[in-house]
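**Q**
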Amino acid sequence: MRWDSSSKSSQKMHHVDAIAVKSKRGNQVVVAASPPTEDAVVATDPLTKEDLVGYLASGCKPKENWRIGAEHEKFGFELKTLMPMTYGQIADLLNAISERFDWEDIMEGDNIIGLKQGKQSISLEPGGQFELSGAPLETLHQTCAEVNSHIYQVKAIAEEMGIGFIGIGFQPKLERNDIPIMPKGRYEIMRNYLILAR
């Protein structure tokens, strides 16, 4: 949106990615959809509490549309050595889950990087963590059943491979440089950036 006004009470708006929202008082509130540039100036009357509450409430769903979506993250490791799974082991595990439990493969080039079944998916995090992103469900009981089914499927294949899982948010036994990097383009970009940002 590009807005100019010659009125003394207004200033120039040069922010291209913005939306205008009308407040109850009839004033226009400009909300940037991306970070402003240095020359961007947003000129409006001061926001009121009602403006802010109204803007936030406009993004709320009605209660009948509320859903619960579980995320269940875990690290896989070799039971004999306690070393993290290699990408090759992860690919074998994903392929076996796909074949045995009827999941669709998610590929990036020649690499399997996840699975999808209905509205749920299994994805790989940067250090090789498995993450179930559950379907949007209506009750905690449905979410519990979905997570239990996922754990059953993963465990059934993993046990055959000599793999165990632990549901924690970090790898407790390894230094950062020892954690395997997953072959996802996005993670390679992140890794290169974080090395420079140290």
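If you want my numbering, it's the position in the sequence shown, counting the first as 1, plus 156. A virtual CB, placed ideally from N, CA and C, is assigned to each residue, including glycine. Note that the structure is a prediction, hence the values are computed from the model and not measured.
Using CA coordinates, which residue listed in Gly325, Ile319, Gly265 is at the minimum distance from Glu281?
**A** Of Gly325, Ile319, Gly265, the residue nearest in Cα terms is Gly325.
**Q** Within the same chain, show all residues whose beta-carbon is closer than 6 Å to that of Arg158, passing over the 5 residues directly before and after it, in chain order.
**A** Model confidence at Arg158 stands at a pLDDT of 39, short of 50, so the residue's coordinates are unreliable; what they give is reported in the following sentence. Within the same chain, Arg158 has no close Cβ partners at all.
**Q** Could you tell me the distance, in whole angstroms, from the CA atom of Pro292 to the CA atom of Leu212?
**A** Going from the Cα of Pro292 to the Cα of Leu212 covers about 22 Å.
**Q** Given a cut-off of 9 Å, decide if His306 and Gly290 are closer than it, judged by their beta-carbon atoms.
**A** Cβ distance < 9 Å, so Gly290 and His306 count as in contact.
**Q** Does the beta-carbon of Ser214 have 16 or more other beta-carbons within 10 angstroms, so that it is buried, or is it exposed?
**A** Its Cβ having fewer than 16 others within 10 Å, Ser214 is exposed.
**Q** If we call anything under 9 Å between Cβ atoms a contact, is Gly320 one with Gly244?
**A** No.
**Q** Should Ile224 be counted as a contact of the ligand MN given a C-beta to heavy atom distance under 8 Å?
**A** This structure lacks the ligand MN; in fact it carries no ligand of any kind.
**Q** Going by the CB atoms, is the gap between Ser279 and Ile269 shorter than 9 Å?
**A** Yes, the Cβ-Cβ distance between Ile269 and Ser279 is below 9 Å.
**Q** Go ahead and label Val310 buried or exposed: buried means 16 or more other beta carbons lie within 10 angstroms of its beta carbon, across all protein chains shown.
**A** The residue is buried, with at least 16 neighbouring Cβ atoms inside 10 Å.
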